[in-house]
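Undergrad: Residue numbers (the numbering used here): 3 to 674.
See the structure below:
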């Protein structure tokens, strides 16, 4: 260790504190290093230290671990202008294995700090010779005044000092110091992870399968403390099972939006659809990880309500991939696709294949035959939503060729929800209308539940998966698990994950594909070997293989360098949300003003119409009005006339002569 001395500051120490510190020093320090106890203050002890000797100052009550002094010395020696190195504080946590974990995981960033920490630091002897002795704070200030620096030895953890393992938001502690503390915290304690699972709605989709399996796999890991954000329409069975798992903390969207403690990492296991989604992630975790499955919606305007919606989604995608600390792609093909579009920097992108086997417990209700299918019906199953890229019209064409060319007697079952935008439904309907024989061949069940889905897998001759582009694709592996062949084409990630040799469909020749697929629909060696090979491909993509890679992604996100652009993106998103809110408020005010103006105009019309009616009444009444209204009748005469008018017999008797006079007047007027 060279020339170094240890000074223990006992000022203000509680009973037993000095003994604990001396015992830990003795256990983890060479006996050749001199140790003194500063009874009259650190300044006096430093004056007694030989000139040029480094001084390790440690407060009574602080405990050290193996390698602590060597770590401080390495940090001081990292640069000639470094005059002190201070240890990380573990607060009240026991050191046990934490110090070793921090030492092994540290990036040794040696971030600068304002001053040496009096709890545990190493002061360079040359610095003491330069500015003289004093208390640790005084010495630090003098050295800083000369432009010299103090650093944190981020691979040295000591007990009973500070609280560097406490979570700090990026806004409070950005840069190397925040990064060093985050690395130490996640090395010394379970990694806190929040999964943004707001896609866990009622729909049974591949995305839902992936998110549930991801939660189940993470919850089983002791080194992870898991929190899950759920949507309002979470199904009762999922909510009940998650609520019963003590390893999972559940929060609602409302709680997340209101503000919760930040986890080390927040993982959004699907694409971001709006900047609001992106803003929410920064409320959930210090570091953001996003799984981006594919670029279909990014490229296809038809998958959105209008062009503005498409442009908004594209912008949200670009902002997400710019801001996220790490981005996970479920296949190398999907990652390379994003790199080709220049959407992500390679150092922040990882390809991690999903586990192909189901982790989430299956429904216990068994399977249920759909009533539209009779007993013993042969089925070619096409499973999935009717998005255009799922290519369901090709499945219809394939089924027709199988029937016409190979005499296959069964039905093509389309099982999946109908989407609002980007659907192939019109093409499917057009095929059915042009060829009436297809109506008895094709059965569209729409969305199906788990029980029907299970029955279809168990009873299908084969599953047809004619997708033109997949970032991953669960269907071939689910089919293999059910012992059923899967007919797919060598496109997208399926080539990488399932293998080109098992691809049966010839893009996009229905007749040739039918010829290749027909042998797989019947029992035999070809069918069995296909299923076994597909099962072998699935086995290579287990959650046991995926989880370590994903945890490495989380660790890389925590230890990734601070990027100046990321906070700027976050600020832009928040500013945009604020502006959008102002615009919505202004639009509401404008509409309200128009409503009030319309109401005022309507009221004025009523007033004008009333005045016109009154004017007509005045004109019609004429001399029969009262004298005060320009007529010839006194109030008494007018009241008498009203009494006559309200008594039918009297009215007929007294007003009959006036009727004769009126007819005469009309006749004379007509003659004129």
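We treat Cβ as the ideally placed atom computed from N, Cα and C, and that holds for glycine.
Since this is a predicted model, take the numbers as computed values, not measurements.
Since residue 85 is in the alpha helix (DSSP H), which residue starts that stretch and which ends it?
TA: Looking at the DSSP string, residue 85 is not in any alpha helix (DSSP H); the run it does join, the beta strand (DSSP E), is 84-91.
Undergrad: Under 8 Å by Cβ, that's how I've got residue 269 and residue 195 pegged, so tell me the actual separation to the nearest angstrom.
TA: Confirmed, about 6 Å.
Undergrad: Between the Cα of residue 317 and the Cα atoms of 297, 330, 334, 167, which residue gives the shortest distance?
TA: Minimum Cα distance to residue 317 is reached at 297.
Undergrad: Among residues of its own chain, excluding the 5 on either side of residue 80, which ones have a beta-carbon nearer than 6 Å to its beta-carbon?
TA: So the qualifying residues of the chain are 112.
Undergrad: Residue 124 bridges to which residues according to DSSP?
TA: DSSP output for residue 124 lists 58, 87 as bridge partner(s).
Undergrad: Leaving aside the five residues before and after residue 236 along the sequence, list all residues of the same chain whose C-beta is less than 7 Å from its C-beta, in chain order.
TA: Correct list, in chain order: 202.
Undergrad: What is the DSSP secondary structure of residue 417, counted as helix, strand or coil?
TA: The answer is strand: DSSP assigns residue 417 an E or B state.
Undergrad: Could you give the distance in angstroms between the alpha-carbon of residue 60 and the alpha-carbon of residue 9?
TA: About 6 Å.
Undergrad: Who are the near neighbours of residue 233 in its chain, counting only those whose CB is closer than 8 Å to its CB and skipping five residues on each side?
TA: Once the five neighbours on either side are set aside, the close Cβ partners of residue 233 are 199, 200, 201, 202, 203, 255.
Undergrad: Quick check on residue 111: does DSSP put it in helix, strand or coil?
TA: Here residue 111 sits in coil by DSSP.
Undergrad: What is the rounded straight-line gap between the Cα of residue 507 and the Cα of residue 466?
TA: Each residue's Cα considered, the two are about 9 Å apart.
Undergrad: In or out: residue 604 buried (at least 16 other Cβ within 10 Å) or exposed?
TA: Looking at its Cβ environment, which holds fewer than 16 other Cβ atoms inside 10 Å, residue 604 is exposed.
Undergrad: Shortest alpha-carbon distance to residue 41 belongs to which of 14, 419, 486, 87?
TA: Comparing Cα positions, the closest option is 14.
Undergrad: Residue 375 and residue 402 - do their beta-carbons sit closer together than 8 Å?
TA: Result no, Cβ atoms of residue 402 and residue 375 do not sit closer than 8 Å.
Undergrad: What ranges does the beta strand (DSSP E) occupy inside the stretch 288-358, keeping only unbroken runs of at least 3 residues that lie completely in it?
TA: Within the stretch 288-358, the complete beta strand (DSSP E) runs of at least 3 residues are 328-331, 351-353.
Undergrad: Note down, in chain order, each residue of its chain lying with its Cβ closer than 6 Å to the Cβ of residue 457, except the 5 sequence neighbours on either side.
TA: Once the five neighbours on either side are set aside, the close Cβ partners of residue 457 are 369, 370, 371.
Undergrad: Could you tell me which of 284, 303, 83 sits nearest to residue 424, measuring between CA atoms?
TA: Nearest C-alpha to residue 424: 303.
Undergrad: Assign residue 443 to one of three DSSP states: helix, strand, or coil.
TA: Coil at residue 443, not helix or strand.
Undergrad: Compare the C-beta of residue 311 with all C-beta atoms of chain B and state if any pair is closer than 8 Å.
TA: This model lacks chain B altogether, as it is built from one protein chain only.
Undergrad: For residue 251, report the span of its beta strand (DSSP E) as first-last.
TA: From DSSP, the beta strand (DSSP E) with residue 251 extends over 250-254.
Undergrad: When the Cα atoms are used, what is the spatial distance from residue 185 to residue 45?
TA: Their Cα atoms are separated by approximately 34 Å.
Undergrad: Going along the chain, which residues of its own chain have a beta-carbon closer than 6 Å to the beta-carbon of residue 392, five neighbours each way excluded?
TA: The residues are 386, 469.
Undergrad: So is residue 600 buried or exposed if we call it buried at 16+ other beta carbons inside 10 Å?
TA: Residue 600 is exposed by the Cβ-count criterion.
Undergrad: Could you tell me whether the Cβ atoms of residue 77 and residue 87 are closer together than 8 Å?
TA: The answer is yes: Cβ separation under 8 Å.
Undergrad: Below 8 Å on the Cβ atoms is my guess for residue 85 versus residue 152; work out the distance and round it to an integer in Å.
TA: About 6 Å separates the two Cβ atoms, so the contact holds.
Undergrad: Give the single residue among 524, 504, 161 whose Cα lies nearest to the Cα of residue 98.
TA: Closest option to residue 98, Cα to Cα, is 161.
Undergrad: Pull up the distance between the alpha-carbon of residue 593 and that of residue 300, whole angstroms please.
TA: Each residue's Cα considered, the two are about 34 Å apart.
Undergrad: Using the Cα positions of residue 21 and residue 352, report the straight-line distance between them to the nearest angstrom.
TA: The alpha-carbon atoms of residue 21 and residue 352 are separated by roughly 49 Å.
Undergrad: Given that a residue counts as buried once 16 or more other Cβ atoms are within 10 Å of its Cβ, and exposed if not, what is residue 612?
TA: Exposed, because fewer than 16 other Cβ atoms sit within 10 Å of the Cβ of residue 612.
Undergrad: Can you tell me whether DSSP reads residue 425 as helix, strand or coil?
TA: Three-state DSSP puts residue 425 in a strand.
Undergrad: DSSP on residue 507, reduced to helix/strand/coil?
TA: Coil.
Undergrad: Give the C-beta separation of residue 179 and residue 154 to the nearest angstrom, bearing in mind that I take them to be a contact with Cβ-Cβ under 8 Å.
TA: Yes, they are in contact, since the Cβ atoms of residue 179 and residue 154 sit about 7 Å apart, within 8 Å.
Undergrad: Within 10 angstroms of the Cβ of residue 224, are there 16 or more other Cβ atoms? Answer buried if so, exposed if not.
TA: Burial call: exposed.
Undergrad: Which whole-angstrom value is the C-beta distance of residue 749 and residue 18, which I expect to be below 8 Å?
TA: No answer is possible for residue 749: the residues shown for the chain start at 3 and end at 674.
Undergrad: If you count every other CB in all the chains shown that lies within 10 Å of the CB of residue 248, and 16 or more means buried, which is it?
TA: Residue 248 comes out exposed.
Undergrad: How big is the Cα-Cα spacing for residue 312 and residue 187?
TA: Each residue's alpha carbon lies about 41 Å from the other.
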